[in-house]
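K.L.:
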Amino acid sequence: MKKFIISLLFCISINFMFAFNQHPKIDSLKTELQKTASKKAKVDLFNEISYEYIYIKYDSIKPNAEKAISIAKQIKYEIGIADAQKNLAVYYYFDGNRQKSFKSINQAISVYKYKKDTAKIAKGYNNLANLYKNFGLFKESLKAYDSAIYFNTKVKSNQGLFNNHYNIGGIFLKQGDLDEALKNYNVAKEINQNLNDKGSRASVYSGFGLVYLEKGKFDSATVFLDKSLKIFKEVGRTRDAIAMANNLGDIARKKDNYLSSIRYFEEALESARAINNPRMEAVLLLNLANNYLELNDDEKALKLYQKSAKIIKGIDDFTYAAALSNIALVLQDKNPKESLRYFDKSNAVYKKMNSKPKLANNLNNKGNNQFKLGHYQDSKNTYLKAKKLLTNLNLDYLESSTFLGLSNASLALNQLDSAQTYADKAFKLAKKTQALSEKAEAAQLLYKLAKLNKNYKTSLEYLELHRQLKDSLFNQDKSRELGKLEAKLEFKNLKEQLQLERNQETVESELKLNLRRNFIIGLSIILIGTIIIIILLLILKKNQAKANQQLESYSKEIELRNNKLQKLHTQKNRLISIISHDFRQPLTNLDQILSFYLTNKISKEEFDQWLPEIKHKLDSTQNLISNLLKWAKQSINEFQLNKTTIGLHDLTNSIINDFKDIIESKKLKVINQVSTNQNIYIDKNTLELCLRNLISNAIKFCEKEDKIIITASKSVTHTRVCIEDTGIGMSKQTAEKLFDSDDIISAIGTSQEKGSGIGAVLCKSFIEENDGNIWVEYSEPNQGTKICFEVPVKTS
35 MKKFIISLLF
45 CISINFMFAF
55 NQHPKIDSLK
65 TELQKTASKK
75 AKVDLFNEIS
85 YEYIYIKYDS
95 IKPNAEKAIS
105 IAKQIKYEIG
115 IADAQKNLAV
125 YYYFDGNRQK
135 SFKSINQAIS
145 VYKYKKDTAK
155 IAKGYNNLAN
165 LYKNFGLFKE
175 SLKAYDSAIY
185 FNTKVKSNQG
195 LFNNHYNIGG
205 IFLKQGDLDE
215 ALKNYNVAKE
225 INQNLNDKGS
235 RASVYSGFGL
245 VYLEKGKFDS
255 ATVFLDKSLK
265 IFKEVGRTRD
275 AIAMANNLGD
285 IARKKDNYLS
295 SIRYFEEALE
305 SARAINNPRM
315 EAVLLLNLAN
325 NYLELNDDEK
335 ALKLYQKSAK
345 IIKGIDDFTY
355 AAALSNIALV
365 LQDKNPKESL
375 RYFDKSNAVY
385 KKMNSKPKLA
395 NNLNNKGNNQ
405 FKLGHYQDSK
415 NTYLKAKKLL
425 TNLNLDYLES
435 STFLGLSNAS
445 LALNQLDSAQ
455 TYADKAFKLA
465 KKTQALSEKA
475 EAAQLLYKLA
485 KLNKNYKTSL
495 EYLELHRQLK
505 DSLFNQDKSR
515 ELGKLEAKLE
525 FKNLKEQLQL
535 ERNQETVESE
545 LKLNLRRNFI
555 IGLSIILIGT
565 IIIIILLLIL
575 KKNQAKANQQ
585 LESYSKEIEL
595 RNNKLQKLHT
605 QKNRLISIIS
615 HDFRQPLTNL
625 DQILSFYLTN
635 KISKEEFDQW
645 LPEIKHKLDS
655 TQNLISNLLK
665 WAKQSINEFQ
675 LNKTTIGLHD
685 LTNSIINDFK
695 DIIESKKLKV
705 INQVSTNQNI
715 YIDKNTLELC
725 LRNLISNAIK
735 FCEKEDKIII
745 TASKSVTHTR
755 VCIEDTGIGM
765 SKQTAEKLFD
775 SDDIISAIGT
785 SQEKGSGIGA
795 VLCKSFIEEN
805 DGNIWVEYSE
815 PNQGTKICFE
825 VPVKTS
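Position one of the sequence shown corresponds to residue 35 (my numbering), numbered consecutively onward.
(1) In the DSSP output, what is N679 paired with across the bridge?
(2) With 16 other CB atoms within 10 Å as the buried threshold, where does Q404 fall?
(3) In chain order, what residues of the same chain have a beta carbon less than 6 Å from the beta carbon of Y339, not counting five sequence neighbours either side?
(4) Taking all protein chains shown into account, decide if K590 is buried (16 or more other Cβ within 10 angstroms of its Cβ) or exposed.
(5) How long is the line joining the alpha carbons of E871 and K249, rounded to whole angstroms?
(6) Here's the rule: buried if 16 or more other CB atoms are within 10 angstroms of the residue's CB, otherwise exposed. What is Q454?
(7) The alpha helix (DSSP H) that contains S441, what's its start and end?
(8) Who are the near neighbours of L397 in its chain, counting only those whose CB is closer than 6 Å to its CB and skipping five residues on each side?
(9) I need the boundaries of the alpha helix (DSSP H) containing C736, first residue and last residue.
(10) Note down the Cα distance separating I573 from E593, rounded to an integer number of angstroms.
(11) Considering only the alpha carbon of each residue, which of L682, K491, I689, F242 lies closest to E824?
(12) Count the other CB atoms within 10 Å of the CB of D274; is the residue buried (16 or more) or exposed (fewer)?
(13) Rounded to whole angstroms, how far is the Cβ of C736 from the Cβ of G761, which I believe are closer than 8 Å?
(14) Quick check on the burial criterion: 16 or more other C-beta atoms within 10 angstroms. Buried or exposed for Q193?
(15) Roughly how many angstroms separate the alpha carbons of A732 and R375, rounded to a whole number?
(16) Kindly indicate the opening and closing residues of the alpha helix (DSSP H) around F169.
(17) When you compare only the Cα positions, how much space is there between F242 and S294?
(18) Relative to the C-alpha of S699, which residue among E739, T256, P370 is closest?
(19) Nearest-angstrom Cα distance between K491 and N691?
(20) In terms of DSSP beta bridges, what is C797 paired with?
(21) Give the range of the alpha helix (DSSP H) segment to which K288 is assigned.
(22) Would you list the residues sitting across from A746 in a DSSP beta bridge?
(23) So, at 6 Å on beta carbons, what are the nonlocal neighbours of K485 in its own chain, with the 5 sequence-adjacent residues on each side left out?
(24) Looking at the unbroken beta strand (DSSP E) that takes in K820, where does it start and where does it end?
(25) CB-CB under 8 Å to N228, same chain, minus the five flanking residues each way: which ones, in chain order?
(26) Name the two residues that bound the continuous beta strand (DSSP E) containing K703.
(27) Between which two residues does the beta strand (DSSP E) carrying S853 extend?
(28) Can you tell me which residues form a DSSP beta bridge with Y812?
(29) Is DSSP giving N226 helix, strand or coil here?
(30) Tell me the DSSP secondary structure of N634 in three-state form.
(31) What residues in its chain sit with their C-beta under 6 Å from that of V189, if we drop five residues either side in the sequence?
(32) Leaving aside the five residues before and after V145 along the sequence, list all residues of the same chain whose C-beta is less than 6 Å from its C-beta, in chain order.
(33) Flag this pair as yes or no: are the beta carbons of L122 and S104 separated by less than 8 Å?
(34) Short of 6 Å in beta carbon distance, which residues of its chain neighbour F299, apart from the five on each side in sequence? Order them along the chain.
(35) Which value, in whole angstroms, describes the spacing of the CA atoms of A182 and G203?
(36) Does the beta-carbon distance from K120 to G158 come in below 8 Å?
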């Protein structure tokens with residue numbers, strides 16, 4: 035079963051607003067404040083300044099609101115006090131003080147009602163509804179919005195009605211009712227046509243983008259969210275621009291564009307910290323952690339999730355629950371019992387908020403955890419709760435996962451009829467949503483059930499379908515892994531480049547500082563005399579020369595690093611190009627043969643004749659994948675050496691035996707002349723990789739009935755291993771470049787065997803990691819080849 039990471043999107047609330055403003059004009063308001071002598075005007079100006087700080091820095095809201103209250107009390111200006119209380123409600127919300135936030139907004143509404151100011155009553159209820167929504171109290175929030183709509187209709191406030199319908203759309207979006215969300219966003223869109231306001235239009239775009247995102251239509255979502263981001267930046271709404279960058283970062287992660295996603299989140303995180311917005315910071319940390327979790331850096335992901343949970347607790351229950359859910363996912367394999375505890379804590383929050391999609395998603399993950407622990411009845415009960423929550427929500431993808439879990443649990447409990455029913459439903463939904471992974475798992479379940487029911491014809495049909503789907507998933511998974519690998523390499527290169535640039539900036543700063551310091555010292559001591567001045571000038575010159583020399587050294591280092599990074603980048607692109615080609619051909623051939631067999635274009639006897647060739651192709655592809663993963667680990671410094679003393683004779687025999695079929699098909703004579711007591715001191719993975727690649731290459735470039743001889747010898751300082759063949763050999767130019775990573779050579783064998791060229795480069799890299807050397811001893815066209823490598827003996 036698949037794990038479902040919870041990411042968080044910002045649905046822009048039109049929070050605590052009088053109206054949309056193009057850009058905060060705090061300086062001009064402060065200038066006007068200095069000019070006016072009217073205390074009532076001062077109160078209104080302090081309230082306006084307090085409100086403007088909502089978009090910039092929330093901790094500046096409070097001092098301005100308190101100044102407004104102080105002056106308003108002197109002149110008994112009750113509306114001015116109420117406006118300040120409304121702004122303080124925003125401050126207390128951002129500060130995480132729920133009680134004071136509700137108290138302040140209710141005090142403001144009471145004054146507005148007493149003064150019978152209908153327009154301000156409407157705005158007060160809109161703000162109250164926003165507070166309820168942000169604290170996860172959706173039922174109370176919808177009731178407050180209804181009151182706001184009633185009063186806005188009375189005063190014919192299009193801006194107020196726009197705010198209300200837009201924010202109601204956000205509630206339905208969080209509850210998973212996408213039709214109701216879209217309905218309210220469309221009402222807001224109609225109202226906005228009469229407003230002619232850019233900020234309102236950007237909010238509508240963001241709403242449509244989030245609906246498309248929830249539906250999994252990433253391209254459409256990106257178009258709307260990108261439009262929204264540009265407008266929010268244009269009108270100076272930093273907080274909302276951060277929210278859109280977060281949402282675009284989440285889409286980039288879901289499309290496996292991890293580097294772009296991390297950049298979105300880190301830039302947004304910097305902006306959120308600049309405006310001192312802890313809620314946004316926590317959401318961005320959580321979404322940034324999702325990237326590291328998918329890049330298999332569980333430790334970093336867990337630290338970010340924990341940091342997010344610590345910041346957001348007591349501020350935003352929805353985000354807090356998401357952080358707890360993702361912590362549970364990280365712990366699922368390492369500490370299943372602790373993981374269940376976090377799932378239960380998160381579920382309690384989602385249940386209180388009536389967030390059915392998130393709760394169902396969480397229950398699916400919990401059920402999967404219980405299944406792994408062997409608690410099959412508990413697992414089934416958990417999945418049944420998820421199934422009940424998803425009724426009538428039309429979330430087919432999530433529902434297919436629930437039915438798969440129910441089928442697996444029922445099968446484990448030997449409840450075959452239930453397992454069949456749930457598997458059929460899961461298969462139908464997976465087919466509808468084109469979810470290959472779920473469809474493959476459902477097909478496998480249906481195969482098992484048909485086999486248990488002795489319906490062998492149906493069983494074979496589902497088995498073949500499962501195999502076809504797994505082949506498709508294999509291609510997808512390999513592309514995804516290559517994407518992750520590329521993101522890791524690019525991210526690593528980027529960090530190294532940034533570090534080098536920082537080093538250069540540090541040296542340049544030190545140079546400037548030295549020049550400034552020495553110049554000041556020189557001026558101070560001029561009065562002492564000409565002799566001291568000359569000494570100081572010499573010191574200055576020496577320091578400058580030293581700094582210049584250090585700067586030159588760093589510049590050379592930067593140039594070397596850049597060349598190395600460029601070389602690695604070129605090598606990576608070349609390898610990926612070769613690999614994508616070499617993956618595609620054998621898999622395409624296999625797909626064609628299976629298609630011919632399944633459509634009866636070839637007989638079983640003909641298919642059986644192809645089986646050895648199919649196995650050979652798959653073995654070759656598997657070897658290529660193995661080489662690729664080893665190259666990837668070595669490239670990003672994840673390969674760890676573990677040198678040990680190894681018996682060379684038996685290991686050589688074992689590897690020769692792996693190539694038994696191809697050796698027999700070519701009628702080759704492979705002779706292991708390594709002594710039975712011959713040992714070698716080397717990392718075992720390195721030895722296996724090198725022997726396998728060198729023997730494989732010898733077989734590949736031998737004609738029928740050729741000979742291959744493996745020998746080993748030991749001197750005082752080194753152990754040497756040689757692989758010699760009587761095959762087709764190679765030119766002097768090819769031999770010289772065989773182990774050169776700058777010019778990877780891909781060649782065709784005598785029986786049209788394909789190769790990527792990565793094996794030879796890996797052999798050289800790994801042998802050198804073991805302090806050894808590898809070389810072509812001799813090779814002539816049509817005269818055979820001898821390749822040797824040696825590593826130091828173990829020192830006492």
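Built from N, CA and C at the ideal position, the CB exists for glycine as well. Predicted model, so just to flag it, every value in this text is computed and none were measured.
P.N.:
Reading off the structure:
(1) The residue labelled residue 679 in the question sits at position 645 within the sequence shown. The question names Asn, but residue 679 in the sequence shown is Thr. Paired residues: Y715.
(2) Looking up residue 404 in the sequence shown gives position 370. Buried, because 16 or more other Cβ atoms sit within 10 Å of the Cβ of Q404.
(3) By 1-based counting over the sequence shown, the position of residue 339 is 305. Cβ neighbours of Y339 beyond the five flanking positions: A323, A357, N360, I361.
(4) By one-based count along the sequence shown, residue 590 stands at place 556. It is exposed - the Cβ of K590 has fewer than 16 other Cβ atoms within 10 Å.
(5) No answer is possible for residue 871: it lies beyond the span of the chain, which begins at 35 and ends at 830.
(6) Counted from its first residue, the sequence shown places residue 454 at position 420. Q454 comes out buried.
(7) Looking up residue 441 in the sequence shown gives position 407. From DSSP, the alpha helix (DSSP H) with S441 extends over 430-446.
(8) On the sequence shown, position 363 is the one that residue 397 refers to. The answer, listed in chain order, is T416, K419, A420.
(9) Residue 736 sits at position 702 when you count from the first residue of the sequence shown. Looking at the DSSP string, C736 is not in any alpha helix (DSSP H), and its letter there is neither H nor E.
(10) In the sequence shown, the residue the question calls residue 573 occupies position 539. In the sequence shown, the residue the question calls residue 593 occupies position 559. Rounded to the nearest whole angstrom, the CA to CA distance from I573 to E593 is 30 Å.
(11) For the purposes of this step, residue 824 is identified with residue 790 of the sequence shown, where counting begins at 1. With distances taken between Cα atoms, E824 lies closest to L682.
(12) Locating residue 274 in the sequence shown gives position 240, counting from the first residue. Flag for D274 reads buried.
(13) Locating residue 736 in the sequence shown gives position 702, where the first residue counts as 1. Locating residue 761 in the sequence shown gives position 727, where the first residue counts as 1. Contact flag correct, Cβ pair sits at about 4 Å.
(14) Working through the sequence shown from its first residue, we reach residue 193 at position 159. Buried, by the Cβ-count rule.
(15) Indexing the sequence shown from 1 puts residue 732 at position 698. Indexing the sequence shown from 1 puts residue 375 at position 341. A732 and R375: Cα-Cα distance of roughly 56 Å.
(16) For this step, residue 169 is matched to residue 135 along the sequence shown. Where F169 is concerned, there is no enclosing alpha helix (DSSP H), given that its DSSP letter is neither H nor E.
(17) For the purposes of this step, residue 242 is taken as the residue at position 208 of the sequence shown. For the purposes of this step, residue 294 is taken as the residue at position 260 of the sequence shown. The straight-line gap from Cα to Cα measures roughly 22 Å.
(18) Within the sequence shown, residue 699 is the residue found at index 665, counting from 1. Measuring from the Cα of S699, the nearest candidate turns out to be E739.
(19) Counting from 1 along the sequence shown, the entry for residue 491 is found at position 457. Counting from 1 along the sequence shown, the entry for residue 691 is found at position 657. Near 37 Å, if we compare the C-alpha coordinates of N691 and K491.
(20) Residue numbering aside, residue 797 sits at position 763 when the sequence shown is read from its first letter. Partner(s): none; C797 has no beta bridge.
(21) Taking the first residue of the sequence shown as 1, we reach residue 288 at position 254. 272-288 is the span of the alpha helix (DSSP H), which, as asked, contains K288.
(22) Residue mapping note: residue 746 aligns to position 712 of the sequence shown, counting from 1. The partner list for A746 (beta bridge, DSSP) reads V755.
(23) For the purposes of this step, residue 485 is taken as residue 451 along the sequence shown, with counting starting at 1. Counting only Cβ-Cβ distances below 6 Å, and skipping sequence neighbours, we find S493.
(24) To locate residue 820, count along the sequence shown from 1; it is residue 786. 818-826 is the span of the beta strand (DSSP E), which, as asked, contains K820.
(25) Taking the first residue of the sequence shown as position 1, residue 228 is located at position 194. Answer for N228: N192, listed in chain order.
(26) Position 669 of the sequence shown, counted from the start, is the residue given in the question as residue 703. Residues 703-706.
(27) Any property of residue 853 remains undetermined from this structure, which presents the chain solely from 35 to 830.
(28) Translated into positions along the sequence shown, residue 812 becomes position 778. Bridge partners of Y812: K820.
(29) For the purposes of this step, residue 226 is taken as residue 192 along the sequence shown, with counting starting at 1. If DSSP states are grouped into helix, strand and coil, N226 belongs with the helices.
(30) For the purposes of this step, residue 634 is identified with residue 600 of the sequence shown, where counting begins at 1. Residue state, collapsed to three classes: coil.
(31) Residue 189 sits at position 155 when you count from the first residue of the sequence shown. Within the same chain, T152, A153 come within 6 Å of V189 by CB-CB distance, once the 5 residues on both sides are set aside.
(32) Numbered from its first residue, the sequence shown carries residue 145 at position 111. Result list for V145: E112, A116, in chain order.
(33) Here residue 122 refers to the residue found at position 88 of the sequence shown. Here residue 104 refers to the residue found at position 70 of the sequence shown. No, the Cβ-Cβ distance between L122 and S104 is not below 8 Å.
(34) Here the question's residue 299 lines up with position 265 in the sequence shown. Within the same chain, F299 has close Cβ partners G283, L318, N321, L322.
(35) As a first step, residue 182 is located in the sequence shown; it is residue number 148 there, counting from the start. As a first step, residue 203 is located in the sequence shown; it is residue number 169 there, counting from the start. C-alpha separation (whole angstroms): 15 Å.
(36) To locate residue 120, count along the sequence shown from 1; it is residue 86. To locate residue 158, count along the sequence shown from 1; it is residue 124. For K120 and G158, yes; Cβs fall inside 8 Å.
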